[in-house]
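Trainee:
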Amino acid sequence: MNKISYRIVYNRKKRLNAEGKALLQVEAYLKGKRIYFSTNIYLTPKQWDNKKKMIKSHVAAGSLNYYLREFITKLELRELELWKQRGQERLGVWFEMLRLLLTDNKYWILLIDENVVCF
């Protein structure tokens, strides 16, 4: 069974902005293809634990880490539902749909608020 792998990526472009912060993203990977979701969360290098892949030393670290893990879990659950319903060929369709929907950040918010519904 091919599965989409999800992970949290900090400072993918290896550049800090003028405030000394970098973007936190969620990566989805399937069969050599990657797509990245912007979380709109910017952190300083000291606020990110690269070993544990978690936010640290931030006033809202607990809430933000929970939010990120919950988002990935919802993506995985929706992926599993599709696989059970329609088989493995649907994974490519799900991955492509994520890529298309996530070109605009407003869809990412809709996906979370609607429990990762399929549009």
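Position one of the sequence shown corresponds to residue 1 (the UniProt record's numbering), numbered consecutively onward.
Glycine included, C-beta positions come from ideal geometry on N, C-alpha and C.
Sort out for me which residues DSSP pairs tryptophan 48 with in a bridge.
Mentor: Stepping through the sequence shown from its first residue, residue 48 is reached at position 48. Answer by DSSP bridge pairing, in chain order: Ile55.
Trainee: Quick one: is threonine 73 buried, meaning 16 or more other Cβ sit within 10 Å of its Cβ, or exposed?
Mentor: For the purposes of this step, residue 73 is taken as the residue at position 73 of the sequence shown. That one is exposed.
Trainee: Since glutamate 39 and leucine 68 should fall inside the 8 Å C-beta cutoff, what is the C-beta to C-beta distance between them, to a whole number of angstroms?
Mentor: Within the sequence shown, numbered from 1, the residue matching residue 39 stands at position 39. Within the sequence shown, numbered from 1, the residue matching residue 68 stands at position 68. According to the sequence provided, residue 39 is threonine. The question's glutamate does not apply to it. Threonine 39 to leucine 68, Cβ: 7 Å. Contact.
Trainee: Note down the Cα distance separating lysine 46 from leucine 23, rounded to an integer number of angstroms.
Mentor: Indexing the sequence shown from 1 puts residue 46 at position 46. Indexing the sequence shown from 1 puts residue 23 at position 23. Whole-angstrom Cα-Cα distance: 13 Å.
Trainee: CA-CA distance, glutamine 85 and leucine 16?
Mentor: Along the sequence shown, one-based indexing puts residue 85 at 85. Along the sequence shown, one-based indexing puts residue 16 at 16. Roughly 43 Å separates the two Cα atoms.
Trainee: State buried or exposed for valine 26, treating a residue as buried only when at least 16 other CB atoms are found within 10 Å of its CB.
Mentor: On the sequence shown, residue 26 is found 26 positions in, with the first residue counted as 1. Label assigned to valine 26: buried.
Trainee: When the Cα atoms are used, what is the spatial distance from glycine 92 to methionine 54?
Mentor: Numbered from 1 along the sequence shown, position 92 holds the residue referred to as residue 92. Numbered from 1 along the sequence shown, position 54 holds the residue referred to as residue 54. So the alpha carbons of these two residues sit roughly 29 Å apart.
Trainee: What are the partner residues of lysine 33, as DSSP defines its beta bridges?
Mentor: Counting from 1 along the sequence shown, the entry for residue 33 is found at position 33. Answer by DSSP bridge pairing, in chain order: Leu30.
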